[in-house]
Amino acid sequence: MKVKVNDVELDLAPGTSAIDAVFAAGYDVPYFCSQEYMSPIGACRMCLAVVGAPRKERDGSWTMDEATGQPKIFYFPNPMATCTTAIMEGMVIDTLSDVTKKAQGGMMEMHLINHPLDCPTCDKGGACELQDRAYEYGSGHSRFIFDKRHNEKHHALSELITLDRERCIHCKRCVRYFEEVPGDEVLDFIERGGHTFIGTVEEGLPSNFSGNITDICPVGALLDTTSRFRGRNWEYDHTRSTSLDDASGSAITIDARTGRIERIKAALNTQVNKNWIDDGTRFGHEYAASSDRIKTPMLRKNGKLEPVTWEEATLFISEKLKKLSDNQLGIALRSDATLEEGVAAKSLAEYLKTGQIDHYPRYASSVISANPASFNDLATAGAIFVMADATEEVPMVDLRIKDALKGVTPPTLMAHGVPIADLRLKERMPRKTNILSVAAPYRVDLMKYAAHSMVYPTGTEVEVLKQIIDASTDAGKALKESLSAAEKAVIVLGAFVLNSAEASKLADDLAKATGAKVMKLGAMANSFGLESQDVLPAKADYSYPNMLSGSAKALIVSGLNPAQNAEVAQALLKLELLVVHDLFENETTALAHVVLPAKSGYEKEGTVVNLEGRYLNVNPAPVDGGQAVDFTGFVKELGDALNERLEGRSVRSARRLLKKSLELDLSELPLEGTIASAKAGKVAGLKTNTSGNALLVPSMVRSEYLNRNAHLFASTGGNALRLHPADAASHNLSAHDVISVSVGGFKRRLSVQPSESVPEGMMLLPALPDQPVGLVQLDLNSIKKEQVALEVA
Amino acid sequence: MSDAVAEKPKAITSRHDPRFEVTLYKYIGVENSHTLEFYQSHGGYESAKKAITSMKPVDVVEEMKKSGIRGRGGAGFPTGLKWSFMPPVDGRQRYIVCNADESEPGSCKDRYVLEDDPHQLIEGMIIAGYAISATKGVLYIRGEYYLGYERLYKAIQDAKAAGLLGKNLFGTDFEYEIILHRGAGAYICGEESALMNSFEGFRANPRLKPPFPAQAGVYSLPTTVNNVTSLASAVHIIGKGADWFSGMGTDDSKGFHHVQVSGPAKRRGVYEVPMGISYREIIFDLAGGPTEEVKAFIPGGSSCPMFPFTDQYLDMPMEYASVAKAGSMLGTGGIMLIPQNKCMVDALYNVVRFYAHESCGKCTPCREGVSTWLPSMYKKMLAGLGEKGDLELLEDVSSNIRGRSFCPLADACIMPVQASIKHFRPEYEYIIEHGKSMYPRQSRWAD
Ligand SMILES: Cc1cc2nc3c(=O)[nH]c(=O)nc-3n(C[C@H](O)[C@H](O)[C@H](O)COP(=O)(O)O)c2cc1C
Ligand code: SF4
Ligand code: SF4
Ligand code: FES
């Protein structure tokens, strides 16, 4: 469709909005209410421009302008909101005329009359759309001499978000966001006219994705409480990176100031997370800036850990290693280690001739599917079957499923990027809940949005899948048929299925039988990558749990804390060498001979492979990490002590190696990453519990760091023990009691949360890296109440 | 009738015309006129019966088109044409919505139908429902109209009991029911898309158009929204025929309308008049003329720009085109007289305060301009604090609001403001220069 913006002629797809035509032409109009990936509503009236179009005669020919011999342009009587105007053949948009300028300037002035203009104390200052637009389109002096509207300036919408009601310009982005993106209507305008303000009915913002409103609020009305008053925007170093909090590979911006991480924001990856991240990812960064980080290498001398130089520490390790025979050393990385760290670990294992290498947590079956689904497959699927607690395992899967429910395909990118006003999106679109089926052993959040959901008895995944494959129940038959009938169907498999080799096999069979693509939710950020790089034991006996129970004589663990388990702790005492590479001192460092400072996920450089098989760069924020190194750094230091230039001794060296095997230069990945095909690794069978009275469940909030994430801790109440109210009563537990309890040998501190969504007879608690998802025995006799909930009469 | 085209009698454009007969308002004020018994004994529900048993839906729409009736809710959109915009029947639920939110200052024409002749409205809704194949009617009534609500509630119950609502109406398989919904006191709920949001339980903010109600209305389903007297008129258009209806009025505006005269007039009240009647006839002959000197009149409710009280405007025929050409709108027919010795600035402050209070807050020019800045400027002038430049500022800010808002509410405030400045600029200049009104201000509310 041909349109003309000022002097630029363009050919654009029908349905494009006029505002996008303007930007595509390289011109600008101001806007506040429009927002990428959300419905245009025409509320702020900033994007006004003079617009005209030719008309057709009855016979279909253009009405001609006698003077020019061209089709005559009929201008709309008033400037039009370009965000809500669809282009028409021959449309003319004029953004430079005096009428347009006056309309925009007048609207700018009205945006400012009640605005407090407290930029000097506003966190948004320097990165504020209102500031920028006022500078570009405002008049510089105020004609409004009256008292401005006064309202609450520090309203805690939740533990995580603070609202300044005076700064709000009523663009409605936040309100629309909740309804349109996660589908949680938790915010709205209250009152009307000049008194309109943002508010909630319920306490807090019951949504897993609330933080995104702080990114899209065009002013400083909605602020991330974890970072409030902690820095000005121009003082922050902005680092684009990839979140290591789950397997989605969501793009984030890490904002650090004077060597300290202050806030995490969503970054744009059109193929993965669009503009959004979940609250666990956004607010779960405080641990990294915790003052009790391990800052230097430490060596146990006379029973006490003492700070030493890297040389001394690695010399000690190398001496010990030299005394070991083949296959006596165990090396284990946490599953969010980068590919480069994986390569370093492998090359170290090779050099030291040990087959005992593993990454953990991982599942009994592969997370690499033969027919993998991408996020965009998921977002455009006509039938989706989720057998997972997707919201907690990989929250972005939840959000992209909601795209599919709306039935609007991801927008085509334009010259200026994501369309600013995608006219296909509307407020309160009907959702195609019928395409979504969810099965899990307890009520999961996604079931709220699904027409078909099933809570099955824990551990019966195999039976459930059989019912579908054999179409032996009505629901199973209907599901199988809908998966087969849909042009694009996606099956999402989480820990409950992947933990069982048999269930995984059945799920793959179901996918084959129905032609569905499969998305497997890896346990952590790089589960896919570490499996594909074969950071796996040479044989089943060498798996990480086996290393802990005696197969290893010496152990190097990175990011794992096996000594939380009292029995394992006993076994570790017998090791000739225990090296722990981690952020904080813990049960395992208490036993270690050598403790090494590790980098957090915000400080590393490297690559991860997300659950689609997409290679994504992780970039380091400029943070003061003391002498911390990632695993490649450790391998370099150890190599120096061993007098050996080991492969993988740096990110560069690891990438050199990977370039050969992958035919992919990891230092030149595009921002949205690159999908490369991968084959399932030989995952040696892990034993999983098939009985227990409690279920370890995934959590979007990292349970291992929750104690150090003060704001998340306050908003979640800490790691929770969820159980049916009837069970709580029979165990003499009440809501908010804080208990310590022995769970599968781990001492866990949990706050009690009775909930109807948990089946009777089952208790749920968040998994840990060393205590992954699955059944476990909770010792009811070991329950000690540490804090009793206050009774409010 | 077919051969009468050439000698078509001159259309009725005056109440003095002996052929004119009050029709829609015939039983207003008559005792018990709101009961089913009364209504049926005066020919009630015969038009609905006629439509449903002897006409096809498209014939009803055609008849409405032929009558030339235009919407009486303010915007004046041809009613028959609006009905014909409904998409083809496809099995989805369809709705006819009656907009009985009458909140425009100066308007009260719907109220009398709601209170004194509820069955007439129900019958009109049945006919409209039949015409557009909608089996559900939504009657959205202004919350403050409590008597109207009670009477409508009873009337709907009675009609249901009498088989006039429900299944198998008049022995056919047409079914129809009416959902009665009370507003909660917001002018914006009269705007049709805000009304639908409010009905669905959401905030009453206007919706984006397109899609128009016919494509996506109530619950995103095909919907037609009409005013009370638009719908009630259908009873008579079907009953007496389109030609009877178009036998009143002018080429541009057909049929009758209901004007409401307020302000200093002898017989303030509501009158059924043929279109094309002059304002002079309404104000002087029907309402008995002013009781004191008048300087201006508003032709169609507070949203419509005022006219000076001069021959030029008084002799103007009441029809859409003429009034528009003269710079105002026919609106709801709420005619308000503004006395000579009342301060125009003060009068406009009253108008502005209303819109400031009723702005829904969705869009910037209305929320900040109409709802915040404008009343402050008026308050300043009226407090005697006006300064040189204030009038120019008021004009400039008004021009920044006019035609820039999301829905017409902001314009509904700005147009009267601009008209008052255009016609009574000296009063503004006086108050700014002297710090007091040209005419003594009086307390707006009798103590
Ligand atoms: C701010 C505003 C208020 C309105 N209030 C009313 C009202 O109270 N009653 C009404 O019938 N129409 C009202 N309207 C007009 C309606 O939007 C709509 O045009 C009308 O109900 C259509 O009916 P009609 O075609 O029969 O006139 C209002 C419009 C606006 C913009
Ligand atoms: S709080 Fe921010 S995002 Fe929400 S309406 Fe106000 S300005 Fe817009
Ligand atoms: S003009 Fe804007 S703020 Fe005013 S009522 Fe309409 S939509 Fe609401
Ligand atoms: S009206 Fe806000 S962007 Fe167009």
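Residue numbers (the working numbering), protein chains in the order written: chain A, 14 to 806; chain B, 95 to 541.
We put the CB at the ideal spot given by N, CA and C, even for glycine.
Predicted model only: the values in this text are computed from it and were never measured.
Proximity to leucine 274 of chain B across B:Val191, B:Gly162, B:Glu462 peaks at B:Val191, based on C-alpha coordinates.
Contact annotation: in the region 49-61 of chain A, residues whose CB is within less than 7 Å of a CB in chain B are Ile54, Gly55, Ala56, Cys57, Arg58, Leu61. Not one heavy atom of ligand 3 sits closer than 7 Å to the Cβ of leucine 289 of chain B. Taking a contact as a CB-CB distance under 8 Å, the pair threonine 213 of chain A and leucine 200 of chain A counts as one, their CB atoms being some 6 Å apart. When distances are taken from the beta-carbon of asparagine 384 of chain A to the heavy atoms of ligand 3, even the shortest one reaches 7 Å or more. The beta carbon of tryptophan 177 of chain B sits no closer than 8 Å to any beta carbon of chain A. If you check the CB distance, alanine 264 of chain A and asparagine 282 of chain A come in under 8 Å. For alanine 116 of chain A, the nearest CB of chain B lies under 8 Å from its own CB, placing it at the interface with that chain.
For glutamine 536 of chain B, there is no enclosing beta strand (DSSP E), as DSSP marks it with neither H nor E. Distance from the C-beta of asparagine 19 of chain A to the nearest heavy atom of ligand 3 is not below 7 Å.
In the displayed model, serine 755 of chain A falls within a strand according to three-state DSSP.
Fewer than three Cβ pairs drawn from the region 485-495 of chain B and the region 313-325 of chain B lie within less than 8 Å of each other, which leaves the two stretches out of contact. In this structure proline 231 of chain A is in contact with cysteine 184 of chain A, their Cβ atoms being roughly 6 Å apart against a cut-off of 8 Å. Looking from the CA of histidine 124 of chain A, the closest CA among A:Thr97, A:Ser152, A:Leu418, A:Met104 belongs to A:Ser152. Distance between glycine 455 of chain B and proline 368 of chain B, taken at the CA atoms: about 38 Å. Where methionine 430 of chain B is concerned, the enclosing beta strand (DSSP E) starts and stops at 428-433. Judged by DSSP secondary structure, leucine 719 of chain A falls outside any beta strand (DSSP E); it is assigned neither H nor E. In the displayed model, aspartate 458 of chain A falls within a helix according to three-state DSSP. The continuous beta strand (DSSP E) containing aspartate 250 of chain A extends over residues 250-255. At a C-beta separation below 8 Å, cysteine 202 of chain B has no neighbours in chain A, since its nearest C-beta there lies roughly 24 Å away. For proline 459 of chain B, the chain A residues whose Cβ falls inside 7 Å of its Cβ are Arg58, Met120, Met123, in order along the chain. Aspartate 201 of chain A belongs to the set of residues whose beta carbon lies under 8 Å from a beta carbon in chain B.
Each residue's CA atom was taken as its position, placing alanine 579 of chain A and proline 779 of chain A some 19 Å apart. For arginine 205 of chain A, the nearest beta carbon of chain B is closer than 8 Å to its own beta carbon.
One alpha carbon belongs to aspartate 268 of chain A, the other to valine 431 of chain A, and they sit about 23 Å apart. Counted as a single uninterrupted DSSP element, the alpha helix (DSSP H) harbouring isoleucine 515 of chain B occupies residues 503-528.
Taking the Cβ atoms as the reference, methionine 104 of chain A lies roughly 7 Å from valine 64 of chain A, within the contact range of under 8 Å. Burial check for valine 696 of chain A: the Cβ neighbour count within 10 Å reaches 16 or more, so the residue is buried.
Just measuring C-alpha positions, the residue of B:Gly463, B:Met158, B:Thr129 sitting nearest valine 491 of chain B is B:Gly463.
A straight-line Cα-Cα distance of about 11 Å links glutamate 192 of chain A and lysine 439 of chain A.
Remark: the shortest separation between the CB of asparagine 262 of chain B and any heavy atom of ligand 3 does not fall under 7 Å. Going by beta carbons, valine 353 of chain B and glycine 427 of chain B fall inside the 8 Å limit.
Considering only A:Ala739, A:Ser743, A:Gln766, the residue with the shortest C-alpha distance to isoleucine 752 of chain A is A:Gln766.
Around leucine 487 of chain B, the beta-carbon contacts reaching into chain A at under 8 Å are Arg156. Counting every other CB atom within 10 Å of its CB across the protein chains shown gives glutamate 217 of chain B a total of 16 or more, marking it as buried. Remark: the shortest separation between the CB of glycine 277 of chain B and any heavy atom of ligand 3 does not fall under 7 Å.
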